[in-house]
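Asker:
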Amino acid sequence: MSELGEIRAALAGVAAQMTSAYEQAGIARTRIADAVAVLSELGEQHSEPLVPDELRRAADELERGLGLISTGAAVVADIDARL
Numbered sequence: 001m002s003e004l005g006e007i008r009a010a011l012a013g014v015a016a017q018m019t020s021a022y023e024q025a026g027i028a029r030t031r032i033a034d035a036v037a038v039l040s041e042l043g044e045q046h047s048e049p050l051v052p053d054e055l056r057r058a059a060d061e062l063e064r065g066l067g068l069i070s071t072g073a074a075v076v077a078d079i080d081a082r083l
């Protein structure tokens with residue numbers, strides 16, 4: 001395989017891993033949202049909110065991570081297109 005072919009193969013592997021990471025993070029986003037919804041509903045029956053601040057921060061960080069993964073995937077696709 002030529003060096004260019006090796007680079008393209010490596011980029012394809014990176015793209016596949018980024019796709020997988022984005023999918024897994026999407027699953028995590030859904031599960032966090034579900035947990036927030038359940039805790040929020042239960043919290044309506046209590047004097048104090050049940051959703052921990054850390055869970056909300058985790059959701060925010062996950063959104064930031066999804067954005068970074070998307071940006072990285074776009075850069076990888078751009079590099080591959082220029083080859």
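Residue 26 in UniProt numbering sits at position 26 of the sequence shown, and the numbers go up by one each step. A virtual CB, placed ideally from N, CA and C, is assigned to each residue, including glycine. These numbers come from a predicted model, not from an experiment.
Please decide whether A16 counts as near chain B, where near means a Cβ-Cβ distance under 8 Å.
Answerer: Protein chains in the displayed structure number just one, and chain B is not present.
Asker: Distance, Cα to Cα, M1 vs M18?
Answerer: Roughly 24 Å between the two C-alpha positions.
Asker: Look at I69 and A16 and say whether their C-beta atoms are less than 8 Å apart.
Answerer: Going by C-beta atoms, I69 is not nearer than 8 Å to A16.
Asker: Are D80 and L11 close, meaning C-beta to C-beta below 8 Å?
Answerer: It is a contact, given that the beta carbons lie within the stated cut-off.
Asker: In three-state terms, what does DSSP make of V51?
Answerer: Reduced to three states, the DSSP call for V51 is coil.
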